[in-house]
Amino acid sequence: MNLDNFQSLSYSFPALFLGFAVVALFMLDLVISRKEWLGDIALLVTAIVVLGVVRLLTSEAGTLFHGSVALDEFGLYFQLLIALAAFATVWMSIGSREVQRTNQGEYYAIVLAATLGMLFMASANNLLMAYLALEFVSLASYVLAGYSRHSRRAGEASLKYLIYGGVASGAMIYGMSWIYGLAGSLEFGAIQQALASGKEASLPLYVALLLTLAGLGYKISAFPFHMWAPDVYQGAPIPVTAFLAVGSKTAGFALMIRFFFTAMAHQNGGGVYEWVGGDGWHQLLLALSAVTMTYGNLAALNQQDNLKRLLAYSSIAHAGYVLMGFVVLTDDGLRAMLFYLTVYYLMNLGAFVVVMVVANSTGREDLAGFRGLAWRGGALPAIAMAIFMFSLTGLPPLAGFIGKFYLFAAVVQQGLWLLALIGVANSVVSLFYYAKIVRTMFLDQPIGGEGAVAMDWHNGVLLGLLTIATVVLGIFWGPLFDLADRSARFFP
Amino acid sequence: MPTNPLTWMIFLPLLGAAVILCLPRNAHQLIKSVAAAATVPPLLMAFSLFQSFDRTIADMQYVTKIPWIASFNIEYFIGVDGISITMVLLTALLSFICIFASWGIEKAVKGYFALFLLLDTAMMGVFCALDFFLFFVFWEVMLLPMYFLIGIWGGPRREYAAIKFFLYTMVGSVLMLVVMLALYFYNDPHTFDLLELAKRAPTYSATFQRFAWLALFIGFAIKIPAFPFHTWLPDAHVEAPTAISVILAGVLLKMGTYGILRINYPILPQGTLEFAYWCLVALGVLNIVYGALCAMAQTDFKKLIAYSSISHMGYVMFGMATFTSQGIDGAVLQMFNHGTVTAMLFLLVGVIYDRAHHREINGFGGIAGIMPFYTGWTALAFFAAMGLPGLSAFISEVLVLLGGWRYYPVMTLIAASAVVLTAGYMLWTMQRIYLGAPNEKYLTLPDISAREVFTLVPLGILVVVLGVYPQPILDLIGVSLHKLNEVVLSAGQGGPLASTGTPPIVR
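As you go down the protein sequences, you meet chains X and S in turn. Going by the numbering used here, the first sequence opens with residue 3, and the numbers climb by one from there. Going by the numbering used here, the second sequence opens with residue 4, and the numbers climb by one from there.
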């Protein structure tokens, strides 16, 4: 079904509601005197958005707003993931000392605004919509990254983010203009048809794609567009870092996947896609994946000073892993990516919650602040962190292993042996720094200067849920995989 | 309720671990008792399996096959044949013994026993799994508790040893993961079923078999550990607490050779024939000699035992690559015997270390006069390790050498001569620690305690009984190994590698 503007409104409930809530929060900030309620209101809003997306899951696939937004299983899967990421972020923010010190009303409003943009990134079906959504998310993120106003690092983070973001999106919109010139349309489906007719020279297309990739690679923090990530992750308040690592990256992948799979490739039958207008960027994406994961892991090896910085490099490496599912260009790869991003959401968010719990109690984010965590009151967060670290490494019986398993399966099935070997070698390298965190928490004894760690029930509940999900999905992941399988298709 | 005893044997320890996690942190005795209780039923079930196991057929017995993840054809598929049941028996026995060997643990008791039981589950699972995916999961699950058990409760350099063990094994297992996926997609319909994969062995191309075999071999060789992948072992052994060394040497090392027999042999038989000489025979004999020479140079008692393990595992590698019934029977019997003998040796090192708090071989002297009973047990274990006739390791080593003589006389001679080296370092150690004038510092050391004797008795009985009458184990493994041997040898006739096929030609 293709709906016009008015008909579309009833299918845009989550986005409309979010937009309304953003405005309402700004207003409420002026009238409510007990600012901690604002967080609760924002939590309620995100919960309603999650339910709203769930309700849409059963609706018929189609496009909204004259074809500019897609309503399909793929988009809804990512919208659900993003809404859940927003929910968890708000939950974290309520329990975060850093956020409690700031101007809360604006903070939550901006988080919700970023979520709104991400929802549109997940379902944009048109270059213009894609660009607007991406810019909307970026603008909100620049503010959030610098939200700890009195910290020099936050200022640096925000400025770096802004400058890199400006360059990347400038390159991207320039690339998009080339694509428009080549294909004569902004809509993904029409671009694909135009390119498939094969009249275009491949060099201009290659240039256009490279430029577009800069914008998308910036959002998913793929090498060499990753430069902002370590500083921004380090400077931003922890819930914001988690939101950028999970929500923003997921939305970036959603847009990137939809753009490449529906505008730059066509389905060949049998679950295999084929590039339209040349094969040159297959090698390009393969190299992008291999270099991104290798760079991320090698750079993470020596990080000690700040765990958020380490997790930034780790998240770069994970972008590389997910890209493996991209390179193969099959349905298997597609659903492996969907599955992995969900698992990545659980374990990465969980890791940030533990970092926050420690920072709340001790004010420290460095590795030494974790020394002997298990032996100084933080046994539960330490165990949870160990589970997340091993899951990020990809060890069974944890969800991260299953995610990697499907990615490697997709790669091996296509016979890309070199990529598979680079991938598994990277897993071994990553073990080294993930295990270093586990070692610091369990094997090292506290020397006394670290301070006791206590976890309140609010953060404990979130951490417990994420931990249980990470373990359970490592043993019984059938339902989630089936959902990813069903969602691995686009309209039309 | 699951009716398969194997399922219970795998998951009862896990249940015990869950119970322990719910107990209060300071209830040490209760935690230890629960841990012991969780390992008793598997041991009793192992006895009853030993009684009821059908020794006349080579098929898998006590099979359970339940779909796990249907969309990827992953199954919970377990069962045992003659090879795996031997290992299951060994695992059940050593797990039980090691709970008592760990009785003296004081630090974070709850965590220790919970992790130990998790390790127990993983080990049982590896030996029972018949689905490659399930096998891999258990194989990897083993790493986590092992890392913590060495890293938290180990010696001074425990952190280094733990991460080294972890990284080495991880390298092997990621290679295994790639081969696992390659095998899965090579077959249509895709499957992880090890028996089904073995049935399709003739369809695998020569190149595929070569690459897959070598990748799997590296994974398993790290675990055995075969030279040059052995360097993690002395570190891990020296730093690990006594009970964990026992498990490491007694069970974990066997997983390497077991994996080769379970996966490389039936699934990649032509690859096996092609690489058997260099990768198993030559490396095996190198292991025997190199391990023995290294052991001779050690001054740390525990490190010496660790290197002697490397040497003894060489016999397993050599024996299984002879493709004669004596050789391959001897190899699996050696896996079992090494499990009992080395377990005794590590337990005995633990006894003296608990008293003197060091393991310097040259720092003792005349212990025989101070701790006579302890010295008696040590003598039994030392003589068994040397391969003295009448004790169990003699039988298995002789079977290996008999089997080897037919195709590889030179290698057999070298391997046989290495027995002299073994006797050399064992007797020399005996002399330095136990004989001579008593060391003044240790005159007051108490003799071996009842609990320690309790952990040694079952192993001692097995060492003596199997030394005189090895038939119970040989009966158990014979039929399965005979069939496996036939499968591999028949792959040499015909098939892509026929010309380079059988062992005599490879030589």
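In this text, a Cβ means the ideal position worked out from N, Cα and C, and glycines have one as well. All figures in this text were calculated on a predicted structure; none of them were measured in a lab.
Element boundaries [beta strand (DSSP E), containing residue i]
i	result
T67/S	Q64 to I72
A453/S	Taken as a continuous stretch (DSSP letters only), A453/S belongs to no beta strand (DSSP E), being part of the alpha helix (DSSP H) at A453 to V471.
T172/S	Per DSSP, T172/S belongs to no beta strand (DSSP E); it is in the alpha helix (DSSP H), R161 to Y189.
Y13/X	First-last for Y13/X: undefined, no H or E at that position.
L73/X	V71 to L73
Y377/S	Counting along the chain, Y377/S falls outside any beta strand (DSSP E), though it belongs to the alpha helix (DSSP H) covering P375 to M389.
T65/X	G64 to L66
C-alpha gap between residue i and residue j, whole angstroms
i	j	result
I477/X	V139/X	35 angstroms
V473/X	N350/X	14 angstroms
R454/S	L350/S	11 angstroms
V413/S	L402/S	16 angstroms
D333/X	T60/X	22 angstroms
A23/X	E108/X	12 angstroms
V129/S	L122/S	11 angstroms
R28/S	I108/S	14 angstroms
M258/X	L26/S	50 angstroms
V25/X	Q81/X	21 angstroms
R491/X	A63/X	10 angstroms
G322/X	F410/X	12 angstroms
S98/S	P441/S	35 angstroms
A231/X	L52/S	58 angstroms
L251/S	A422/X	30 angstroms
G253/S	R99/X	51 angstroms
Q106/X	A44/X	10 angstroms
Y318/S	S420/S	13 angstroms
V509/S	S489/X	Because V509/S carries a pLDDT of 41, less than 50, the predicted location of this residue cannot be relied on, and no value is offered for it.
Y176/X	D191/S	47 angstroms
A210/X	G183/X	10 angstroms
Endpoints, the alpha helix (DSSP H) within which residue i is located
i	result
V249/S	T245 to I250
A421/S	P412 to Y437
E78/S	Premise fails: E78/S lies in the beta strand (DSSP E), I77 to V83, not in any alpha helix (DSSP H).
Q474/S	Q474 to G495
A253/X	K251 to R260
G259/S	L256 to G262
Q269/X	Premise fails: Q269/X lies in the beta strand (DSSP E), A267 to Q269, not in any alpha helix (DSSP H).
W39/X	E38 to L58
Own chain residues within Cβ distance below 7 angstroms of residue i, not counting five before or after
i	result
A575/X	Given that chain X is displayed from residue 3 to residue 494, the structure contains no residue 575/X and the question cannot be resolved.
A361/X	I240 and E367
A90/X	L351 and L464
Contact set for residue i: own chain, Cβ-Cβ below 8 angstroms, skip 5 residues either direction
i	result
I225/S	Y171, T172, V174, G175, F232, W235 and G259
D6/X	F67 and H68
T10/S	T67 and I81
Chain-order list of residues whose beta-carbon lies under 6 angstroms from that of residue i (same chain, five-residue window excluded)
i	result
L137/S	none
T395/X	S432, L433 and Y436
S105/S	A246
A20/S	A117, L120 and L121
Assumed close pair residue i, residue j - CB separation to whole angstroms, cut-off 8 angstroms
i	j	result
L283/S	M323/S	7 angstroms
I77/S	W479/X	Actually they are not in contact, since the Cβ atoms of I77/S and W479/X sit about 10 angstroms apart, beyond 8 angstroms.
A185/S	P269/S	In fact, because the Cβ distance is near 17 angstroms, the residues do not count as touching under 8 angstroms.
N308/X	Q236/X	5 angstroms
I112/X	H228/X	Not quite, the Cβ-Cβ distance comes to about 24 angstroms (not below 8 angstroms), so this is no contact.
N4/X	T65/X	5 angstroms
Distance cut-off 7 angstroms: residue i Cβ against heavy atoms of the ligand ATP
i	result
F255/X	In terms of ligand content, the structure shown is empty, and the ligand ATP therefore cannot be addressed.
- Message: Along the region 53-76 of chain S, where does the CB come closer than 9 angstroms to a CB of chain X? Name the residues.
- Response: Sequence-ordered contacts of the region 53-76 of chain S with chain X read W71, I72, A73, S74 and F75 [C-beta pairs closer than 9 angstroms].
- Which of the residues in the region 153-164 of chain S, read from start to end, lie with their CB under 8 angstroms from any CB of chain X? Per Cβ criterion, the list reads G154, I155, R161 and E162.
- Query: For the region 183-212 of chain S, which residues have a beta carbon sitting closer than 8 angstroms to at least one beta carbon of chain X?
  - Reply: Residues of the region 183-212 of chain S with a C-beta atom less than 8 angstroms from some C-beta of chain X are L184, A185, Y187 and F188, listed in chain order.
- Mind checking the region 164-178 of chain S against chain X and listing, in chain order, the residues whose C-beta falls within less than 8 angstroms of any C-beta there? Within the region 164-178 of chain S, A165, I166, F169, L170, M173, V174, V177 and L178 place their CB atoms closer than 8 angstroms to a CB of chain X, listed in sequence order.
- Message: Using a Cβ-Cβ cutoff of 7 angstroms, what residues of the region 395-412 of chain X are near chain S? List them in chain order.
- Response: Per Cβ criterion, the list reads L397, P398, P399, F410 and A411.
- Item | Near-chain X residues of the region 124-144 of chain S - C-beta to any C-beta below 9 angstroms | Answer in chain order: F136, F139, V140, F141, W142, E143 and V144.
- Task: Report the residues of the region 41-67 of chain X with a CB closer than 9 angstroms to any CB of chain S, ordered along the chain.
- Result: Residues of the region 41-67 of chain X that bring their beta carbon within less than 9 angstroms of a beta carbon in chain S are absent altogether.
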